[in-house]
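A short worksheet on the structure shown next.
Numbering (the numbering used here), first residue to last: 17 to 198.
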């Protein structure tokens, strides 16, 4: 029988979410709570950045300073709550010692965000902007600098106006062929 599992939000020190998640998972294992505390999640999405002409995929926290914990509502005992709250860098549950479960819609929205990003439909952290100067790093126009005229996020392509022999020429490039002018 499927018992009533709910998501609870746990406030933690920002920047330490991953480490805390590992500690909580160890605590759950050590205390044999895995039947009741079923999932520990750091809500994050995959994003990418272009670094030296290479695509670098990073995980970015959607909710810095929070970890989501799924537990069986009626059996999530004060001892477990205390055990998790006593882990270093954990601040408290939403609702302190009697954690308030998240609304299902709210939890699904957070989880949906997490799930969607698993399809590596990554979005770029530093998007290219129209009229921004970019340096071309690949292809026949390698080394040229141009201004972005149009950005196509879906196809990951840009239209860039490059000055060739003093005249502006439109070139279509993909995101990997250019880098931001710093």
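Using N, Cα and C, we set each Cβ at its ideal position, and we do this for glycine too.
Residue span of the alpha helix (DSSP H) that contains residue 13, given as start and end:
Residue 13 cannot be examined here, being either before or after the span of the chain that is shown, 17 to 198.
With distance defined between alpha-carbon atoms, name the residue in 86, 20, 110 nearest to residue 40.
The residue you call residue 40 lines up with position 24 of the chain shown. If we check each option's Cα against that of residue 40, 86 comes out closest.
If contact is defined by three or more beta carbon pairs under 8 Å, each pair taking one atom from either stretch, is the segment 57-69 in contact with the segment 105-122?
no
In three-state terms, what does DSSP make of residue 109?
One-based indexing of the chain shown puts residue 109 at position 93. Here residue 109 sits in strand by DSSP.
Determine the burial state of residue 164: buried for a count of at least 16 other Cβ atoms within 10 Å of its Cβ, exposed for fewer.
Reading the chain shown from its first residue, position 148 is the one you call residue 164. Its Cβ being crowded by 16 or more others within 10 Å, residue 164 is buried.
Select from 91, 150, 173 the residue whose C-alpha is nearest the C-alpha of residue 51.
On the chain shown, position 35 is the one that residue 51 refers to. Checking every option, the nearest Cα to that of residue 51 belongs to 91.
State yes or no: is the C-beta of residue 99 within less than 9 Å of the C-beta of residue 45?
Numbered from its first residue, the chain shown carries residue 99 at position 83. Numbered from its first residue, the chain shown carries residue 45 at position 29. Cβ distance not < 9 Å, so residue 99 and residue 45 don't count as in contact.
Closest by CA to residue 48, which one among 196, 174, 93?
The residue given as residue 48 occupies position 32 in the chain shown. For residue 48, the nearest C-alpha among the options comes from 93.
Between which two residues does the alpha helix (DSSP H) containing residue 55 stretch?
Counting from one through the chain shown, the residue named residue 55 turns up at place 39. Run containing residue 55: none in the alpha helix (DSSP H); it sits in the beta strand (DSSP E), 53-57.
Enumerated in chain order, which unbroken segments of the alpha helix (DSSP H) with a length of 4 residues or greater are wholly contained in the segment 154-182?
none
Which same chain residues end up closer than 6 Å to residue 151 when comparing Cβ atoms and leaving out the 5 residues on each side of it in sequence?
Position 135 of the chain shown holds residue 151. Cβ neighbours of residue 151 beyond the five flanking positions: 161, 195, 197.
Looking at the strands, I want to know which residues DSSP matches up with residue 26.
Along the chain shown, read from residue 1 onward, the residue named residue 26 stands at position 10. For residue 26, which the question treats as bridged, DSSP gives the partners 83, 109.
Expressed to the nearest angstrom, what Euclidean distance is found between the alpha-carbon atoms of residue 177 and residue 60?
For the purposes of this step, residue 177 is taken as residue 161 along the chain shown, with counting starting at 1. For the purposes of this step, residue 60 is taken as residue 44 along the chain shown, with counting starting at 1. Their Cα atoms are separated by approximately 36 Å.
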